[in-house]
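Undergrad: Residue 64 in this note's numbering sits at position 64 of the sequence shown; the count goes up by one each step and never skips. Note that the Cβ used here is the ideal one computed from N, Cα and C, for glycine as well. All figures in this text were calculated on a predicted structure; none of them were measured in a lab.
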Amino acid sequence: MKHAAGTLAFIARFAILGLAMAFVVSVLWPGAGDRLRARFGLGAPATTPATSLPAPAAPASYAEAVSRAAPSVVNIYANRTVTEQALRMYTDPVLQSLLGGVPVGTRQRREQNLGSGVIVSSQGYVLTNNHVIADADDVQVLLYDGRVAKAKLIGADQETDLAVLKIDASNLPVIQIAELPPRAGDVALAIGNPLGFNQTVTMGIVSAIGRQLNQSSAEDFIQTDAAINLGNSGGALVNASGELIGINTLTLSKAANAEGIGFAIPVDTAKNVLDQIIATGHVIRGWLGAEYGLVPVAADSGLPAAARGAQITDIYPGSPAEQAGLKLHDILLRIGQIDIVDPADLRRREAALHPGNKVEISGLRNGSTFHTEVQIVQRPSNMPASAQSAPAQASD
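1) Let me confirm a value: A60 is counted as buried when at least 16 other C-beta atoms fall within 10 Å, else exposed. Which label applies?
2) What's the C-alpha gap between V374 and D157?
3) According to DSSP, what are the bridge partners of V187?
4) Distance check for G246 and D268, CA to CA, integer angstroms please.
5) Since I believe I119 is in contact with V74 (beta carbons under 8 angstroms), could you give me their beta-carbon distance rounded to a whole number of angstroms?
6) Would you kindly report the start and end of the unbroken alpha helix (DSSP H) that includes K271?
7) Quickly, what does DSSP pair E360 with across the bridge? List them, please.
8) Whether or not the region 270-284 and the region 330-339 are in contact is what I'm after, with contact meaning three or more pairs of Cβ atoms, one per stretch, closer than 8 angstroms; do they touch?
9) For S362, which residues from the same chain have a beta carbon less than 6 angstroms from its beta carbon, with the 5 sequence-adjacent residues on both sides left out?
10) Exposed or buried, which one is N357 when buried takes at least 16 other CB atoms within 10 Å?
11) Assuming contact is defined by CB atoms lying nearer than 7 angstroms, are V377 and P320 in contact in what I supplied?
12) Within 8 angstroms, do at least three Cβ pairs link the region 234-250 to the region 176-191?
13) Taking the alpha-carbon positions, what's the S408 to P266 distance?
14) If I follow the unbroken beta strand (DSSP E) through V297, where does it start and stop?
15) Using the three-state DSSP reduction, which class does D157 fall into: helix, strand or coil?
16) Three-state secondary structure (DSSP) at V132?
17) Please determine, among E350, Q112, A184, the residue with the shortest C-alpha to C-alpha distance to N79.
18) Is it the case that the Cβ atoms of V174 and S122 are separated by a distance below 7 angstroms?
19) Using a Cβ-Cβ cutoff of less than 6 angstroms, which residues in the same chain neighbour G204 once the five nearest sequence positions on both sides are dropped?
20) For L165, count neighbouring C-beta atoms within 10 Å of its own C-beta (all shown protein chains included) and say buried if the count is 16 or more, exposed if not.
21) Looking at the structure shown, is L172 part of a helix, part of a strand, or coil, going by DSSP?
22) Just how far apart, CA to CA, sit A270 and L250?
23) Would you decide whether H354 is buried or exposed? Buried here means 16 or more other CB atoms lie within 10 Å of its CB.
24) Count the other CB atoms, across all protein chains shown, that sit within 10 Å of the CB of Q311; report buried if there are 16 or more and exposed otherwise.
25) Beta carbon of G115: closer than 6 angstroms to some heavy atom of the ligand FAD?
26) Name the one or two DSSP bridge partners that E398 has.
27) Going by DSSP, what residue range makes up the alpha helix (DSSP H) through V66?
28) Hey, how far is the Cα of D314 from the Cα of R211?
29) Classify H329: buried if its beta carbon has 16 or more other beta carbons within 10 angstroms, exposed otherwise.
30) Can you name the start and end residues of the alpha helix (DSSP H) that A321 belongs to?
31) Use the C-beta contact count for P380: other C-beta atoms within 10 angstroms, 16 or more gives buried, fewer gives exposed.
32) How long is the line joining the alpha carbons of R68 and G242, rounded to whole angstroms?
33) Where do the ends of the beta strand (DSSP E) carrying L165 lie?
34) With H, G and I counted as helix, E and B as strand and the rest as coil, what does DSSP make of A60?
35) T200 to G192, Cα distance in whole Å?
36) Note down, in chain order, each residue of its chain lying with its Cβ closer than 7 angstroms to the Cβ of I338, except the 5 sequence neighbours on either side.
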């Protein structure tokens with residue numbers, strides 16, 4: 001028994017001594033254990049996988065992005081002549097306060113509208129907002145390097161509020177267009193001419209994508225909290241690399257008690273409008289001739305509040321939809337070979353269709369499936385405007 005106890009004590013002393021020596025070695029030579037395991041062909045000890053990765057550090061400055069994009073952003077001065085009633089005021093203060101004055105004909109005055117634009121081609125094409133240059137007699141463009149050029153209006157599209165100008169100048173700095181679409185949470189920089197303060201940069205994030213303000217339009221806005229003010233209209237919304245992701249257009253008005261809610265036209269939409277206006281002078285959109293709403297779902301069905309697809313809420317007389325036999329309350333599920341996500345998705349896909357082509361529409365009518373073929377026509381230019389979801393104002 002004493003012999004066994006002595007043996008155990010001897011083993012314990014050597015174990016303690018071994019642990020002490022290992023501790024000293026690990027302190028004096030931290031990598032010795034890994035080198036020994038590698039020498040004898042032993043694998044590295046298992047490590048517990050990290051539960052999350054640290055977020056990449058934000059850059060200390062966006063000056064490089066601004067230096068790449070800012071030279072392509074121009075100031076736009078749209079001048080027009082306004083004719084108004086001329087009055088001769090009464091000399092008597094009482095009569096003046098009561099009657100104001102006596103009409104004595106008309107007079108003309110010059111009015112200037114401030115805005116911004118983006119150089120998108122070395123040939124001199126500039127993208128801006130239609131409301132910036134609407135009804136202008138002449139448009140002047142101030143370049144980043146101080147040059148001033150007279151701009152020619154190539155064409156405009158009221159539905160997307162875009163206009164294409166052309167200037168005759170050499171060595172133009174063309175903005176780089178982003179290849180990847182923006183995501184909610186991406187850094188966004190707005191560059192423009194707010195309130196006449198040339199080349200102002202504001203920073204925020206992409207608050208949301210796919211925003212729609214007009215229920216009957218195929219519009220698709222980027223929402224951002226980067227400060228957009230009067231004069232920013234037509235300016236650039238760029239990402240953290242200085243690449244163009246949108247054309248700044250409007251903000252929600254103070255009447256909506258809004259703070260930090262602005263909107264920009266996605267660069268893909270702007271590029272499509274640009275290409276069509278350069279090619280034909282105007283934008284052509286496909287049209288089915290119906291209005292759509294969300295698909296209603298019963299409260300006790302257990303389904304989401306809005307199912308996929310779009311429900312027909314109105315049909316224009318004589319339209320392709322009426323001629324194809326579509327009816328009110330039909331639920332449209334597929335256009336061609338593409339599933340319909342929601343009414344906004346259907347409007348965008350409808351607008352992209354070429355007039356004259358036929359497309360198959362699939363859906364549900366009174367719970368039964370149906371298929372029909374619709375002849376696409378060009379969307380009329382005088383479509384009635386729908387009520388907007390919130391008061392908005394242009395940012396020029």
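TA: Taking the structure as given:
1) exposed
2) 26 angstroms
3) According to DSSP, which records beta bridges pairwise, V187 is partnered with I205.
4) C-alpha separation (whole angstroms): 8 angstroms.
5) 6 angstroms
6) 267-280
7) E373
8) no
9) L333, R334, H371
10) exposed
11) yes
12) yes
13) Since the first residue shown for the chain is 1 and the last is 396, residue 408 is missing from the structure and cannot be characterised.
14) V297 -> no beta strand (DSSP E), and no H or E assigned at all.
15) strand
16) Note: V132 maps to helix in three-state DSSP.
17) Q112
18) yes
19) A188, T224, D225, A226
20) Buried.
21) coil
22) 15 angstroms
23) Note on H354: under 16 other CB atoms within 10 angstroms of its CB, so exposed under the neighbour-count rule.
24) buried
25) Ligands in the displayed structure: none, and consequently the ligand FAD is not present.
26) For the chain, the structure presents residues 1 to 396; residue 398 sits outside this window and is missing.
27) For V66, the enclosing alpha helix (DSSP H) begins and ends at 63-69.
28) Roughly 22 angstroms between the two C-alpha positions.
29) Exposed is the call here.
30) 320-323
31) exposed
32) Our two residues, R68 and G242, have alpha carbons roughly 6 angstroms apart in a direct line.
33) 162-167
34) coil
35) 6 angstroms
36) Residues of the same chain with a CB within less than 7 angstroms of the CB of I338, apart from the 5 flanking positions on each side, are R349 in chain order.
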